[in-house]
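Following: one structure in structure tokens, then a few remarks.
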Amino acid sequence: MDEIVIEGAREHNLKNVSVRLPHEHFIVVTGPSGSGKSSLAFDTVYAEGHRRYVESLSTYARQFLERVDKPDVDFIEGISPAIAIEQYNPVKHSRSTVGTASEIYDYLRLLFAKAGQIHCPACGRPVRPATVDSTVSLLLEGFQGARGFVLFPLAPVSPEELGARLAALQAQGFIRFMAEGEVLDIAPGQSDRLLERISGSAKEPRKGRERKAAGPPEPLLRGLRVVADRLAFSAENRARLGESLETAFREGEGVAEVQVVDGP
Numbered sequence: 001m002d003e004i005v006i007e008g009a010r011e012h013n014l015k016n017v018s019v020r021l022p023h024e025h026f027i028v029v030t031g032p033s034g035s036g037k038s039s040l041a042f043d044t045v046y047a048e049g050h051r052r053y054v055e056s057l058s059t060y061a062r063q064f065l066e067r068v069d070k071p072d073v074d075f076i077e078g079i080s081p082a083i084a085i086e087q088y089n090p091v092k093h094s095r096s097t098v099g100t101a102s103e104i105y106d107y108l109r110l111l112f113a114k115a116g117q118i119h120c121p122a123c124g125r126p127v128r129p130a131t132v133d134s135t136v137s138l139l140l141e142g143f144q145g146a147r148g149f150v151l152f153p154l155a156p157v158s159p160e161e162l163g164a165r166l167a168a169l170q171a172q173g174f175i176r177f178m179a180e181g182e183v184l185d186i187a188p189g190q191s192d193r194l195l196e197r198i199s200g201s202a203k204e205p206r207k208g209r210e211r212k213a214a215g216p217p218e219p220l221l222r223g224l225r226v227v228a229d230r231l232a233f234s235a236e237n238r239a240r241l242g243e244s245l246e247t248a249f250r251e252g253e254g255v256a257e258v259q260v261v262d263g264p
């Protein structure tokens with residue numbers, strides 16, 4: 001049934017009102033004071049929906065819920081469990097919303113997280129979670145024979161922390177970095193060279209600006225990626241590709257990037 005059918009509603013100011021309310025629509029009940037708006041919305045529709053829901057529960061569960069009397073109406077059909085928010089809500093806060101006042105906000109978050117479909121705000125295409133296996137299959141299907149880089153992002157750090165962070169990565173065996181599309185090969189123990197190359201522009205004052213005598217330094221170049229591997233996307237390299245992606249996902253805290261540099 002796709003509508004609520006009400007016949008002979010006589011609650012309070014209602015005089016044998018019969019009405020049909022379609023499901024999945026936004027319905028406004030309006031009229032002058034005393035015309036029976038609240039009697040229809042709250043004392044008839046909500047009351048009957050709440051009453052039927054409570055009656056469907058066990059005797060033990062009913063004792064914890066508010067009991068609502070059956071409204072004065074001849075017939076109601078197609079009604080679902082109902083939630084009512086009155087305008088005289090005792091909770092008064094400048095940031096209160098219908099969701100927070102009714103306590104359904106957290107449930108809606110769970111619903112959207114579990115049942116919703118994420119879309120990329122840039123291209124509009126659906127976003128799907130990627131695993132190592134699914135990414136390997138995608139690369140081998142679409143870029144068989146091509147060569148490219150497996151990368152992971154380096155989280156932005158302060159100038160004071162960057163040197164130690166790069167040295168730690170080099171100690172793990174990562175000696176290639178990518179900044180603005182340029183691959184930087186840095187030998188172990190030469191973090192200062194990388195720092196010079198990626199922050200040189202930050203150290204120089206911009207054209208038309210005077211260098212300030214004091215204050216924090218210009219922010220370092222953002223978007224620095226660490227090269228986990230450079231290889232050909234082929235069936236022979238499937239295991240190596242999987243290991244490289246697993247490393248990138250782990251070091252990038254769930255984020256990995258692949259850049260194809262030439263086709264098959």
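Counting from 1, one number per residue, gives the positions in the sequence shown under this note's numbering.
All C-beta atoms, glycine included, are put in the ideal place defined by N, C-alpha and C.
Residue i and residue j: beta carbons closer than 8 angstroms?
i           : j           : result
residue 225 : residue 156 : no
residue 145 : residue 80  : no
residue 176 : residue 231 : no
residue 223 : residue 180 : yes
residue 151 : residue 257 : yes
With a threshold of 16 other CB atoms inside 10 Å of the CB of residue i, please say whether the residue is buried or exposed.
i           : result
residue 71  : buried
residue 228 : buried
residue 142 : exposed
residue 48  : buried
residue 39  : buried
residue 36  : buried
residue 25  : exposed
residue 118 : exposed
residue 110 : exposed
residue 174 : buried
Identify which residue in the options has its Cα closest to the Cα of residue i.
i           : options          : result
residue 115 : 128, 124 and 121 : 128
residue 250 : 131, 78 and 119  : 131
residue 102 : 173, 39 and 83   : 83
residue 238 : 151, 158 and 140 : 140
residue 196 : 163, 124 and 174 : 163
Can you list, in chain order, the residues of its chain whose CB lies under 7 angstroms from that of residue i, leaving out five sequence neighbours each side?
i           : result
residue 41  : 29
residue 95  : none
residue 27  : 21
residue 34  : 13
residue 46  : 82 and 84
residue 169 : 226
residue 62  : 54
Residues in its own chain within less than 8 angstroms of residue i by CB, not counting five upstream and five downstream?
i           : result
residue 43  : 11, 12 and 71
residue 78  : 1, 2, 3, 4, 5 and 23
residue 213 : Low confidence applies to residue 213: its pLDDT is 42, below 50, so where it sits in the model is not reliable enough to give any reading.
residue 57  : 65
residue 99  : 105 and 108
residue 165 : 154 and 157
In its own chain, which residues sit with a C-beta less than 6 angstroms from the C-beta of residue i, not counting the 5 before and 5 after it?
i           : result
residue 185 : 176
residue 149 : 227, 230 and 259
residue 50  : 68 and 82
residue 17  : 9
residue 247 : 228
residue 76  : 6 and 48
residue 19  : 6
| said: Measuring CB atoms only, is the region 8-24 touching the region 63-78, in the sense that at least three cross pairs come out at less than 8 angstroms? | reply: At 8 angstroms Cβ cutoff, the stretches touch.
| said: Is it the case that the region 124-139 contacts the region 238-252, given that we only count it when at least three CB pairs across the two stretches are under 8 angstroms? | reply: Taking one beta carbon from each stretch, the region 238-252 and the region 124-139 have 3 or more pairs nearer than 8 angstroms; the two touch.
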